[in-house]
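Engineer: Pasting in a structure now, in structure tokens, and then I'll have a few things to ask.
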Amino acid sequence: MRGALRQIVGLCVLLAACGGEDGGEMPSEEPAAAASRLEAEAVAAAPEANAEVDAAAVDRIAAAAGEAQVRGLDHIRFLSADSLEGRLVGSDGNRKARDYIVGVYRSLGLSMYEDTYVEPFEFQIDEETRQGSNVVGFVEGTEQPDRFIVVTAHFDHLGVRGGEIYNGADDNASGTAGLLMLAEHFSANPPRHSLIFAAVDGEEGGLRGARHFVSEPPVPLTDMTLNVNLDMISHNDSVLYVAGGYHTEALRPVLDEVASASAITLRQGHDSPDLPAGDDWTMASDHGPFHSAGIPFVYFGVEDHPDYHQASDTFETINQQFFLDAVETVKQAILGFDAR
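Using our numbering, the letters of the sequence shown map in sequence onto residues 491 to 830.
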């Protein structure tokens, strides 16, 4: 807009300097002074046009954000549907969830390791060998591509118990959907550091997918600067907890800054060994193996609620707006850590 105004002003000054079309008297102003005056007049008249352009841009951005939010909620709706039968590790429903995540990764164009997103692993239960699968893709960083922030969320749940489907909408379709929303954002807006998105399997009953990821990492553990774990981020009215600052003090200022601007209450805690049994979440989810390997972590989640590990943990019982605000809060935290 500004460049176009200058071109118009220049033409006006040229015509004025030549006396116009009829060769009339020369203007009393010098060309430079005339240019300044005409540009000032043009700019003064431009705010309305600029406002229209800005408003259109804001509308487009808002529309795109709204569409991304709808997709995020659709992710939860699909992953917690009855047809997936609770996503128990090794089950057909779990494989449907895995394939869904692979499809989203592919649609976003995430890069893959060794030409695949799927990383299978085996584990033992009661002397029986079972198989799980992590789904791993990455976005290459623009300035520090060899330094990695690893975003994790487990997509398995409890399956069917006593004839009832344990859908696991909050635990942890919500965290997986959040991971997919973050992958969508950062695939379109690459950060300075590389980001690995690891949807891990087998969290329930042993953190098996996370343990496999850390034991057979796609990049050296020494190149991983941080693990950001999402587990249960949709079932609260106002408070999202973030653990990890107790173990890595350098994380706390970033989290404080994010908390000050968040639409929800972001509260640090649940990470001290001095807490009562069960209140220290240091090893409670997939960030645990990263912590054991010496990698700093931040774990975002809510406290237990009446629907936790119940058949009532369904899409209908989550707080949709809280979930969307939680994902935005995590995104801002990643941006803060990436800038350091």
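From the three backbone atoms N, C-alpha and C, an ideal C-beta is built for every residue, glycine too.
Determine the direct distance from the alpha carbon of Ala749 to that of Val608, and round the result to whole angstroms.
Structural biologist: By 1-based counting over the sequence shown, the position of residue 608 is 118. By 1-based counting over the sequence shown, the position of residue 749 is 259. So the alpha carbons of these two residues sit roughly 35 angstroms apart.
Engineer: Taking Cβ to Cβ, would you say Ala476 is nearer than 8 angstroms to Leu745?
Structural biologist: Any property of residue 476 remains undetermined from this structure, which presents the chain solely from 491 to 830.
Engineer: Quick check on the burial criterion: 16 or more other C-beta atoms within 10 angstroms. Buried or exposed for Asp646?
Structural biologist: One-based indexing of the sequence shown puts residue 646 at position 156. The residue is buried, with at least 16 neighbouring Cβ atoms inside 10 Å.
Engineer: In the DSSP assignment, the beta strand (DSSP E) including Ser637 goes from what residue to what residue?
Structural biologist: Here residue 637 refers to the residue found at position 147 when the sequence shown is read from its first residue. The sequence given here places Arg at residue 637; Ser does not occur at that position. First-last of the beta strand (DSSP E) with Arg637: Gln634 to His644.
Engineer: Given that a residue counts as buried once 16 or more other Cβ atoms are within 10 Å of its Cβ, and exposed if not, what is Thr819?
Structural biologist: Within the sequence shown, residue 819 is the residue found at index 329, counting from 1. So Thr819 counts as buried.
Engineer: How many Å lie between Val788 and Asp616 at the Cα?
Structural biologist: Residue mapping note: residue 788 aligns to position 298 of the sequence shown, counting from 1. Residue mapping note: residue 616 aligns to position 126 of the sequence shown, counting from 1. About 33 angstroms.
Engineer: So the candidates are Asn679, Val640 and Ser581; which of them puts its Cα closest to the Cα of Leu711?
Structural biologist: In the sequence shown, residue 711 corresponds to position 221, counting from 1. It is Val640.
Engineer: Hey, how far is the Cα of Phe613 from the Cα of Ala552?
Structural biologist: Stepping through the sequence shown from its first residue, residue 613 is reached at position 123. Stepping through the sequence shown from its first residue, residue 552 is reached at position 62. About 45 angstroms.
Engineer: Residues in its own chain within less than 8 angstroms of Gly562 by CB, not counting five upstream and five downstream?
Structural biologist: Reading the sequence shown from its first residue, position 72 is the one you call residue 562. Cβ neighbours of Gly562 beyond the five flanking positions: Ala667, Gly668, Leu670, Met671, Phe813, Leu814 and Val817.
Engineer: Cutting at 8 angstroms between CB atoms, please list the residues of its own chain near Arg620, excluding the five before and the five after it.
Structural biologist: In the sequence shown, counting from the first residue as 1, residue 620 sits at position 130. Closer than 8 angstroms at Cβ, skipping near neighbours: Val579, Gly580, Glu612, Phe613 and Gln614.
Engineer: Quick check on this structure: which residue in Asp803, Phe676 and Lys821 has the alpha carbon closest to the alpha carbon of Asp572?
Structural biologist: As a working mapping, residue 572 is identified with position 82 in the sequence shown. Comparing Cα positions, the closest option is Asp803.
Engineer: Could you check whether Leu648 and His799 sit closer than 8 angstroms to each other, using their CB atoms as the reference points?
Structural biologist: Here residue 799 refers to the residue found at position 309 when the sequence shown is read from its first residue. Here residue 648 refers to the residue found at position 158 when the sequence shown is read from its first residue. Closer than 8 angstroms, so yes.
Engineer: Let me make sure I understand the geometry here. Which of Leu741, Arg596 and His737 has the alpha-carbon closest to that of Asp770?
Structural biologist: Residue 770 sits at position 280 when you count from the first residue of the sequence shown. Here the closest residue by C-alpha is His737.
Engineer: The alpha helix (DSSP H) spanning Ser782 covers which residue range?
Structural biologist: What you label residue 782 is simply residue 292 of the sequence shown in a count that begins at 1. From DSSP, the alpha helix (DSSP H) with Ser782 extends over His777 to Ser782.
Engineer: Run through the DSSP bridge pairs and tell me what Glu674 is partnered with.
Structural biologist: As a first step, residue 674 is located in the sequence shown; it is residue number 184 there, counting from the start. Within the DSSP bridge table, the entry for Glu674 names no partner.
Engineer: Ordered along the chain, which non-local residues of its own chain (more than five positions away) have a Cβ less than 7 angstroms from that of Gly658?
Structural biologist: Counting from one through the sequence shown, the residue named residue 658 turns up at place 168. Closer than 7 angstroms at Cβ, skipping near neighbours: Ser570, Gly576, Arg577, His647, Leu648 and Asp803.
Engineer: Determine the direct distance from the alpha carbon of Phe676 to that of Asp564, and round the result to whole angstroms.
Structural biologist: One-based indexing of the sequence shown puts residue 564 at position 74. One-based indexing of the sequence shown puts residue 676 at position 186. Between Asp564 and Phe676, the C-alpha separation is close to 19 angstroms.
Engineer: Identify which residue in Ser601, Ser623 and Asp661 has its Cα closest to the Cα of Pro635.
Structural biologist: For the purposes of this step, residue 635 is identified with residue 145 of the sequence shown, where counting begins at 1. For the residues Ser601, Ser623 and Asp661, the minimum Cα distance to Pro635 belongs to Ser601.
Engineer: With Asn468 as the anchor, note down where its beta strand (DSSP E) starts and where it stops.
Structural biologist: In the structure as shown, the chain begins at 491 and stops at 830. Residue 468 is therefore absent and cannot be evaluated.
Engineer: Distance, Cα to Cα, Ser762 vs Ala643?
Structural biologist: Sequence index remark: in the sequence shown, residue 762 carries index 272 (1-based). Sequence index remark: in the sequence shown, residue 643 carries index 153 (1-based). Each residue's Cα considered, the two are about 22 angstroms apart.
Engineer: Using a 10 Å radius around the Cβ and a threshold of 16 neighbouring Cβ atoms, would you call Met850 buried or exposed?
Structural biologist: Lying before the first or after the last residue shown, residue 850 is absent from the chain, which here runs from 491 to 830.
Engineer: Keeping to the same chain, check which residues put their C-beta closer than 6 angstroms to that of Ile754; ignore five residues upstream and five downstream.
Structural biologist: Here residue 754 is taken as the residue at index 264 of the sequence shown, counted from 1. Ser728, Leu730 and Asp815.
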